[in-house]
Structures are given as structure tokens and as C-alpha cells.
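Notes for the one structure printed next.
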Amino acid sequence: MSDYTQMWANLELDLQAHDVLLGVLGNAYKDIFLTQKNRPQGMQYFDFVMSEVHGLRIKELVDARKEGRIVVGSYCVFVPEELILAVNGVSVGLCAGAEFYYEGAETLLPRNTCALIKSAFGFKLGKACPYIEACDIVVGENTCDGKKKSYEILSDLVKNFHTIDLPQMKSDSGKKLLKEEYKQFIKKLEEVSGKKVTAESLKKGIAIVNAKRNAVLRLAKLRKADPVPISGLDALLVNQVFFYDDPVRFTDSVNKLCDELEDRVNNGIGVFPQGTKRLVVSGCPMAVPNWKVPWIIETSAATIVGEESCVGERGTQCLTEAKGNTVDELLDAIVERYFQIDCAIFTPNPTRLEHIQAMVKELKADGVIHYGLQFCQPYIIESHNVEESLEKDGIPTLRIETDYGQEDAGQLKTRIEAFIEMLGHK
Ligand code: BJ8
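Just so we're aligned, residue 6 is where the sequence shown starts under the numbering used here, counting upward by one.
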């Protein structure tokens with residue numbers, strides 16, 4: 006790995022804290038990912054991306070800015086990458102997946118705030134996220150109360166914070182609000198980048214993002230096979246890298262991986278023995294390096310075959326139909342697509358329940374683990390409806406609540422193992 010110290014210093018990172026963080030992440034990655042057996046060759050690309058996630062990728066962002074492109078960071082799948090690409094910008098997900106500098110975060114936020122929000126604050130205050138420091142615009146969206154209120158504080162900590170308001174109901178007025186908010190976002194992008202969104206640039210953005218989503222959906226479908234050709238951990242990693250990598254290069258790499266997985270499926274090659282218990286994980290998003298629960302599951306004689314999550318199928322399941330020849334018509338198509346995201350902040354939210362059931366059937370899963378982050382009201386409260394609807398259909402469900410710490414790993418393992426054992430007796 007090259008020496009990026011000067012670049013990190015220019016971004017005003019806390020070099021010492023950042024070094025410690027990279028050390029911990031590197032070790033966790035080795036222990037969790039590189040010890041897996043029979044991984045597809047195509048995962049080498051993603052190993053490389055992860056080894057350079059704070060290095061080469063950040064250099065690319067810095068270089069892109071030198072060439073006059075803007076970098077836009079966000080925490081939510083409601084922020085359309087298509088619009089960012091339409092001003093030739095770069096879209097990146099921001100660090101929010103590890104327990105980092107909570108003591109700082111808790112000086113601004115209540116202790117009983119979900120780990121994802123605390124992590125975002127910890128990374129900003131502890132100066133350890135090079136992505137946020139390389140951004141020209143940071144976008145926050147009014148989804149859950151925790152994000153909405155904490156963004157009022159975050160907006161004072163970063164320059165050029167832009168809020169996108171979101172509807173809470175899937176109504177006509179909700180759709181109008183979303184369109185209005187996306188128009189404001191376009192205005193902001195144009196103002197900061199000095200470039201205009203045109204029908205042509207928007208069509209190009211839509212095509213790039215559709216291709217990227219198509220590639221991960223192709224990967225999702227290949228996981229139907231038994232034996233499964235890729236582990237849930239590796240598939241999650243691909244879905245996590247989705248938010249960081251250059252979109253065209255990412256699409257290419259996922260498609261190459263899928264070619265290899267297709268061969269594996271045709272030849273009956275898998276990463277776990279045929280008949281291994283298959284689970285869908287549903288719930289809160291798992292940002293890098295939140296690998297605790299998948300790791301526990303896949304070291305407990307089961308495999309994950311799908312993620313009903315924003316880092317997974319909830320975030321990628323629909324494409325934008327690029328119909329129309331004006332910016333306004335194309336924006337309608339974008340609104341149509343994003344309005345289908347069934348985040349638990351919506352009420353009521355029946356399509357999420359239908360989607361989980363459809364995934365279970367399609368992927369021939371034996372059960373569902375509902376993953377809730379502690380203090381996340383939308384997902385934890387909705388987990389009641391999820392469990393009820395699945396159990397009505399005879400699909401075993403385990404609800405867990407956890408955070409980013411390792412203290413409960415033993416207890417979680419015991420519960421997850423018991424659940425998998427119970428599936429064996431059904
Ligand atoms: S579209 S899921 S990415 S908001 S875990 S911060 S909900 S208290 S992350 Fe999300 Fe967008 Fe919805 Fe997807 Fe709040 Fe819950 Fe914390 Fe959460």
C-alpha cells in the first residue's frame with residue numbers, strides 16, 4: 006500500500022486515531038473475510054478495494070476534485086446518485102458502520118441514539134472519515150427522528166450540508182414533496198458544481214446507476230442456487246462497496262464475479278455444503294465494517310442468501326425507467342423509482358412485508374433473522390409486523406437487537422445457533 010499520510014494530513018484527519026482504526030479494520034477483515042474457504046476469484050477485486058478504501062479511493066476523490074468534479078457524501082439510499090452523476094459529480098457513502106469515538110458523539114447526542122447515527126458523529130468529531138472531509142456537499146435526509154434531529158447538529162459541523170425532506174406516507178402529496186425536494190437538490194448540485202443538469206446528462210446518470218443496480222441484482226439471483234456459490238458475507242461486502250467505488254468499474258467487477266458464479270452454479274460448486282440452512286437477514290442497513298451478525302450466522306452452520314436491507318435488495322431492487330426527453334420527465338421517472346423504497350419510516354409499509362416474503366420464497370430460505378439496531382424505533386417497532394406476517398406463512402423468524410459493540414457476540418451466537426438448530430427440526 007502506498008503512503009497516503011500526506012493526503013490524510015491535508016484532509017485534516019487525526020492521523021494517530023486513523024492509524025489505529027485502519028489497524029483494527031485490517032485485522033477484522035483478515036479474520037472475517039480472508040479465512041473463508043473456497044471464495045470466488047472475483048472477490049479479489051473487492052479485497053483490493055477494501056484494502057484501499059481509505060487510500061487509493063480517497064486519492065481518486067481528491068484527483069476528481071482537482072479536475073473540477075464535486076464529491077457528494079450521504080447516509081441514505083434516498084439520495085439519487087443519478088442526479089449527482091448528471092453534474093459529473095462523484096457520489097460516496099459516508100462512514101457510519103463502526104463504534105468509533107462515541108465519547109465525543111455522546112457529548113452532542115443522547116446515549117440512547119442508534120449506533121449508525123452515533124458512528125457518523127464519532128467519525129466526524131474524531132476526524133477519521135476521509136470521505137466526509139473530501140466532500141463538497143454532505144446530504145442528510147429527514148427519515149427517522151434520530152437522523153432528522155441529529156442532522157441539525159451535523160449541519161454545523163460540515164460545510165455545505167444539504168437536507169432532503171422525505172414524505173412519511175406513500176400518497177400523491179408525498180410523491181409531490183419528493184419531487185420538489187429532488188428539484189431543490191438539483192439546484193444545490195448545480196450551484197456547487199457550476200454545471201447544469203440536462204436531459205442528456207441525466208439519461209447518462211440513469212443508465213450508469215441502472216447498470217450498477219442490474220449487476221447487484223444479477224448477483225442476488227445467483228444466490229438462489231443450492232449449494233450457494235458465494236457466502237452471505239462476501240455478497241454483503243459487494244453491496245457495501247456499492248456505496249464507495251467508481252460506479253462503472255464496480256459494475257464491471259460485479260458482472261465478472263457473476264460470470265464466475267454462473268459457472269459455479271452450473272457445476273454445482275458452492276461455498277457451503279448443499280442443504281446448509283439458508284437465511285434472509287432483514288432490517289437496518291449494515292454499513293462497512295458492520296459484519297458481526299453475518300459472521301456469527303455463517304460460522305454457525307447456516308448461510309445468508311439475501312439481505313432485505315438498504316445495503317442489499319431494499320436499496321437496489323427497482324430500476325429507473327429512463328422514459329422522457331426533458332429533465333422534468335426524467336425526474337418524474339426518478340421519483341417513481343425512489344418512491345418505491347420501503348424504508349420503515351413509511352407508514353403504513355406493507356410492501357416491505359411483501360418483499361421479505363417474496364425473497365424468502367425466491368431464495369428458498371428456511372427462515373428470517375430480523376436485525377434491528379438498538380434504539381432504532383422504525384425497524385424495531387416494524388419487526389413486530391414482519392414477524393407476524395412471516396409466521397402466518399409458517400416462516401420461522403428470529404428478532405435480534407444489537408449495536409456495533411462485540412460485548413453481546415457470545416449471547417447472539419447462542420440465540421442464533423439455537424434458531425438454526427430449530428430450523429433443522431422443522
Ligand atoms: S432508506 S433504512 S438508508 S433511512 S438505524 S438511522 S432508521 S434509527 S438507516 Fe436508512 Fe435511508 Fe431508511 Fe434505508 Fe434511523 Fe434506524 Fe438508526 Fe437508521
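Backbone N, C-alpha and C define an ideal beta-carbon position, used for all residues, glycine too. Everything numeric in this text was worked out from a predicted model, so none of it was measured.
Cα-Cα, which of 70, 7, 246, 154 is closest to residue 102?
Here residue 102 refers to the residue found at position 97 of the sequence shown. For residue 102, the nearest C-alpha among the options comes from 246.
Between the beta-carbon of residue 343 and the beta-carbon of residue 45, is there less than 9 Å?
In the sequence shown, residue 343 corresponds to position 338, counting from 1. In the sequence shown, residue 45 corresponds to position 40, counting from 1. Cβ distance not < 9 Å, so residue 343 and residue 45 don't count as in contact.
Would you decide whether residue 254 is buried or exposed? Buried here means 16 or more other CB atoms lie within 10 Å of its CB.
Along the sequence shown, read from residue 1 onward, the residue named residue 254 stands at position 249. Per the 10 Å Cβ criterion, exposed.
Alpha-carbon spacing of residue 308 relative to residue 71, whole angstroms:
By 1-based counting over the sequence shown, the position of residue 308 is 303. By 1-based counting over the sequence shown, the position of residue 71 is 66. Approximately 44 Å, taken between the alpha carbons.
With a threshold of 8 Å, establish whether the CB of residue 346 neighbours any heavy atom of the ligand BJ8.
Counting from 1 along the sequence shown, the entry for residue 346 is found at position 341. Checking the Cβ of residue 346 against the ligand BJ8 gives yes.
Taking its Cβ as the centre, do 16 or more other Cβ atoms sit within 10 Å of residue 353, making it buried, or is it exposed?
As a first step, residue 353 must be located in the sequence shown, where it is residue number 348. By the neighbour-count rule (16 or more Cβ atoms within 10 Å), residue 353 is not buried but exposed.
Compute the distance between the beta-carbons of residue 60 and residue 7, then report whether it is under 9 Å.
For this step, residue 60 is matched to residue 55 along the sequence shown. For this step, residue 7 is matched to residue 2 along the sequence shown. Taking 9 Å as the Cβ cut-off, residue 60 and residue 7 qualify as a contacting pair.
At what residue ranges does the region 299-381 contain a whole run of the alpha helix (DSSP H), taking only runs of 4 or more?
318-321, 332-343, 355-367
Top-ranked residue by Cα proximity to residue 394, from 360, 410, 367:
Counting from one through the sequence shown, the residue named residue 394 turns up at place 389. Residue 360 is the option with its Cα nearest to residue 394.
Once DSSP output is grouped into helix, strand and coil, what is the label at residue 282?
Here the question's residue 282 lines up with position 277 in the sequence shown. Reduced to three states, the DSSP call for residue 282 is strand.
Should residue 380 be counted as a contact of the ligand BJ8 given a C-beta to heavy atom distance under 8 Å?
Sequence index remark: in the sequence shown, residue 380 carries index 375 (1-based). Residue 380: yes, Cβ under 8 Å from the ligand BJ8.
Go ahead and label residue 23 buried or exposed: buried means 16 or more other beta carbons lie within 10 angstroms of its beta carbon, across all protein chains shown.
Within the sequence shown, numbered from 1, the residue matching residue 23 stands at position 18. Buried, since its Cβ has 16 or more Cβ neighbours within 10 Å.
Touch test, the region 303-322 against the region 273-286, Cβ-Cβ under 8 Å, three pairs minimum:
yes
Collapsed DSSP secondary structure at residue 402 in the structure displayed:
On the sequence shown, residue 402 is found 397 positions in, with the first residue counted as 1. DSSP places residue 402 in strand when its eight states are reduced to three.
Smallest Cα separation from residue 290: which of 252, 14, 385, 217?
Working through the sequence shown from its first residue, we reach residue 290 at position 285. For residue 290, the nearest C-alpha among the options comes from 385.
Start and end residues, beta strand (DSSP E) containing residue 166
Along the sequence shown, read from residue 1 onward, the residue named residue 166 stands at position 161. Here the beta strand (DSSP E) through residue 166 covers 166-170.
List the residues that DSSP assigns as beta-bridge partners of residue 287.
Numbered from 1 along the sequence shown, position 282 holds the residue referred to as residue 287. DSSP, once it has assigned bridges, lists 313, 375 as partnering residue 287.
Starting from the C-beta of residue 30, find all residues in its chain whose C-beta is less than 8 Å away, skip the five residues before and the five after it, and write them out in chain order.
The count along the sequence shown starts at 1 and reaches residue 30 at position 25. Excluding positions up to five away in sequence, the list reads 103, 294.
Answer yes or no: the CB of residue 325 versus the heavy atoms of the ligand BJ8, is any distance below 8 Å?
Counting from 1 along the sequence shown, the entry for residue 325 is found at position 320. No, the beta carbon of residue 325 sits no closer than 8 Å to any heavy atom of the ligand BJ8.
Could you check the C-alpha separation between residue 250 and residue 68 for me, to the nearest Å?
Residue numbering aside, residue 250 sits at position 245 when the sequence shown is read from its first letter. Residue numbering aside, residue 68 sits at position 63 when the sequence shown is read from its first letter. Taking the straight line from one Cα to the other gives about 14 Å.
Cβ-based burial, residue 244 [other Cβ within 10 Å; buried from 16]:
As a first step, residue 244 must be located in the sequence shown, where it is residue number 239. With 16 or more other Cβ atoms within 10 Å, it is buried.
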